[in-house]
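Some notes on the structure that comes next.
There are 2 protein chains.
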Amino acid sequence: MSDQNHCRDDDDRDAGGISDNGDDRPLYLRVRDALMQRIETGKWRPGQVIPNEHEIAREFDVSQGTARRALTMLTEIGYLTRRQGAGTWVQEDSPAVRYRFFSFYDKNNERITPDSRDVESTIARANSKERLALELDGKAKVIRITRTRTRDGRPFIAERLSIPEAHFPNLTNEDLPDALYDHYQKVHKIMIVATADKIDAVPADAPTAEQLRVKVGTPLLKIDRIAYTLRQKPVEWRVWLCHLKDAHYVARM
Amino acid sequence: MSDQNHCRDDDDRDAGGISDNGDDRPLYLRVRDALMQRIETGKWRPGQVIPNEHEIAREFDVSQGTARRALTMLTEIGYLTRRQGAGTWVQEDSPAVRYRFFSFYDKNNERITPDSRDVESTIARANSKERLALELDGKAKVIRITRTRTRDGRPFIAERLSIPEAHFPNLTNEDLPDALYDHYQKVHKIMIVATADKIDAVPADAPTAEQLRVKVGTPLLKIDRIAYTLRQKPVEWRVWLCHLKDAHYVARM
DNA sequence: TAGTGGTCTAGACCACGAC
DNA sequence: TCGTGGTCTAGACCACTAC
Numbered sequence: 405m406s407d408q409n410h411c412r413d414d415d416d417r418d419a420g421g422i423s424d425n426g427d428d429r430p431l432y433l434r435v436r437d438a439l440m441q442r443i444e445t446g447k448w449r450p451g452q453v454i455p456n457e458h459e460i461a462r463e464f465d466v467s468q469g470t471a472r473r474a475l476t477m478l479t480e481i482g483y484l485t486r487r488q489g490a491g492t493w494v495q496e497d498s499p500a501v502r503y504r505f506f507s508f509y510d511k512n513n514e515r516i517t518p519d520s521r522d523v524e525s526t527i528a529r530a531n532s533k534e535r536l537a538l539e540l541d542g543k544a545k546v547i548r549i550t551r552t553r554t555r556d557g558r559p560f561i562a563e564r565l566s567i568p569e570a571h572f573p574n575l576t577n578e579d580l581p582d583a584l585y586d587h588y589q590k591v592h593k594i595m596i597v598a599t600a601d602k603i604d605a606v607p608a609d610a611p612t613a614e615q616l617r618v619k620v621g622t623p624l625l626k627i628d629r630i631a632y633t634l635r636q637k638p639v640e641w642r643v644w645l646c647h648l649k650d651a652h653y654v655a656r657m
Numbered sequence: 405m406s407d408q409n410h411c412r413d414d415d416d417r418d419a420g421g422i423s424d425n426g427d428d429r430p431l432y433l434r435v436r437d438a439l440m441q442r443i444e445t446g447k448w449r450p451g452q453v454i455p456n457e458h459e460i461a462r463e464f465d466v467s468q469g470t471a472r473r474a475l476t477m478l479t480e481i482g483y484l485t486r487r488q489g490a491g492t493w494v495q496e497d498s499p500a501v502r503y504r505f506f507s508f509y510d511k512n513n514e515r516i517t518p519d520s521r522d523v524e525s526t527i528a529r530a531n532s533k534e535r536l537a538l539e540l541d542g543k544a545k546v547i548r549i550t551r552t553r554t555r556d557g558r559p560f561i562a563e564r565l566s567i568p569e570a571h572f573p574n575l576t577n578e579d580l581p582d583a584l585y586d587h588y589q590k591v592h593k594i595m596i597v598a599t600a601d602k603i604d605a606v607p608a609d610a611p612t613a614e615q616l617r618v619k620v621g622t623p624l625l626k627i628d629r630i631a632y633t634l635r636q637k638p639v640e641w642r643v644w645l646c647h648l649k650d651a652h653y654v655a656r657m
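First to last, the sequence lines map onto chains A and B. Every position in the first sequence, counted from 1, becomes a number in our numbering once 404 is added. Every position in the second sequence, counted from 1, becomes a number in our numbering once 404 is added.
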């Protein structure tokens, strides 16, 4: 705890607050991360109402303003929803949340929620591109997954992705749902909070053309994505090749 | 001013603070907008140091925390830069700022700053797509601009855009620089703070192929963008057709 | 009506930067 | 050393929601 407050009694440190354990970051960050952990580990479940800011302040032995700052940050990154007069909840686990990084919309500007098929996964030593993308050392292994994403039963995205095997033990033995980021969070306690996409247009090569049922040379949208955790660590590299008939990818700045 | 503060004297209202003038929004928003206006109108110029938060608080007759909140918001949207121990400045007018919405990078992940040529502009009654995109009524006029964006002298983007004539008087008589958003702000006091891009891959048609010096049918990246002011008003619709050899568009979420 | 989040204040100490 | 922004507190009132 900080000693900078002139009003508090320094003798009661660690009598209910969060211990500093060598963590000299500001209080609001420590409270934020402690609350975040409760959400990520499922102690506080989606949809659940959490204690009000007075109670949180008392629990961590900080002022209401500091607790509030932590809660505001968690609201901004989408972990929490707050409503004046009502309370604070963990963000609902809706399709809109599960697919919030799947930024494809149809011609009516409604979000597309895809299905998947032909899922295949293998484990291998990371190649040079994977080591660069995922910041891995020479001996690291990766899990490679390929899928065909479909929309109303028709293939529209050829997907291939790589993730560090060390972070996702046993993943190859699990049933993989369509929404992988959601799966990472629930099963592997890894939350994706940011992505960086490199985008270009490319002609379809022969295998991709067959996979997406288009002619060779058809213009495809290529999206090359790195996904990051809150600590800015890259944990997934994926490439999408998309044939978006009557649809589009949306980017906001 | 608010009456909710138990410590302040209600009789000194409007004796130096910001008047409410029917504006019942929170103080921090009123202070934010007042400061923003000074930046947008050029009263505070890029690179200039502005008064510290105590002085701003005193000027607007609010607490330091309230002034701070306004300053923090302006920092988050890129109007200001703050450095502990040093001070607060209006954001420098660098190429990185001028082209911050031009999100193209080369193969070394360095930002591309384009040139322009073959600029043409006309004024016309808005068509139905323009009325929809820019939220205009039936009689509104628009300025249409077409340009070829070049990189090291070679064309790589075919650009066409529409803006409401009412917001940009005399623009067709002005020398247009490469960075239009910067021009909008400096000359027309309209600041672009957000964009929404719809993205897809399309084959090059004949005129575009000639403009970009590629074969008909070459895959092009198509970016369909609406640009918004801080008040969420759409003020520009632009379409880019891009042939990105050894480059890519970047989107972050 | 009770309880929640939202706004606001006054004032303290700390970390950092310029001199 | 002095001035700046950054953190933190304690406590007030307001606006809204659920009961």
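All C-beta atoms in this analysis are idealised placements derived from N, C-alpha and C, irrespective of residue type, glycine included. This structure is a prediction, so every number in the text was calculated from the model and none was measured.
The C-alpha of leucine 439 (chain A) lies about 40 Å from the C-alpha of tryptophan 448 (chain B). Bounds of the alpha helix (DSSP H) holding glycine 469 (chain A) are 468 to 480. Annotation for aspartate 510 (chain B): Ile516, Asp650, Ala651 place their beta carbon closer than 8 Å to its own, counting only its chain and skipping 5 residues before and after. Around alanine 605 (chain A), the same chain offers Pro623, Leu624, Leu625, Lys626 as residues with beta carbons nearer than 8 Å, after the five sequence neighbours per side are excluded. For leucine 484 (chain B), the secondary structure class from DSSP, reduced to helix, strand or coil, is strand. The beta-carbon of leucine 625 (chain A) is placed less than 8 Å from the nearest beta-carbon of chain B. Listed along chain B, the residues sitting closer than 7 Å to proline 607 (chain A) by beta-carbon distance are Pro623. Among the CB atoms of chain A, none fall inside 8 Å of the CB of valine 591 (chain B).
Burial check for histidine 458 (chain A): the Cβ neighbour count within 10 Å stays below 16, so the residue is exposed. Taken in chain order, the members of the segment 491 to 514 of chain A whose beta-carbon sits within less than 9 Å of a beta-carbon on chain B are Arg504, Phe505, Ser507, Tyr509, Asn513. Taking 9 Å as the cut-off between beta carbons, none of the residues of the segment 551 to 570 of chain B comes near chain A.
Per DSSP, isoleucine 443 (chain B) is one residue of the alpha helix (DSSP H) stretching across 431 to 444. When secondary structure is reduced to three states using DSSP, threonine 633 (chain A) falls in the coil class, being assigned neither helix nor strand.
Interface residue (Cβ-Cβ distance to chain B less than 8 Å): lysine 602 (chain A) is classified as such. In terms of Cβ geometry, arginine 548 (chain A) and serine 566 (chain A) form a close pair [threshold 8 Å].
When only Cα atoms are considered, cysteine 646 (chain B) and arginine 617 (chain B) end up about 11 Å apart. In this structure, the straight-line span from the alpha carbon of lysine 602 (chain A) to that of arginine 434 (chain B) is close to 39 Å. Arginine 486 (chain B) and valine 494 (chain B) have their alpha carbons spaced roughly 9 Å apart.
Per DSSP, the beta-bridge partners of glycine 491 (chain A) are A:Arg487. Proline 430 (chain B) and alanine 490 (chain A) have their C-alpha atoms spaced approximately 21 Å apart.
Secondary structure at valine 618 (chain A): coil, using DSSP grouped into helix, strand and coil. In this structure, proline 568 (chain B) places its C-beta atom within 8 Å of the C-beta atom of valine 639 (chain B). For glutamate 496 (chain B), the closest of B:Asp609, B:Thr470, B:Lys543, B:Gly446 by C-alpha to C-alpha distance is B:Gly446. The secondary-structure analysis by DSSP pairs lysine 545 (chain B) across a beta bridge with B:Arg529. Minimum Cα-Cα distance from glutamate 514 (chain B) among the listed residues B:Gln615, B:Phe506, B:Arg553 corresponds to B:Phe506. Residue pairing from DSSP places aspartate 510 (chain B) in a beta bridge opposite B:Ala651.
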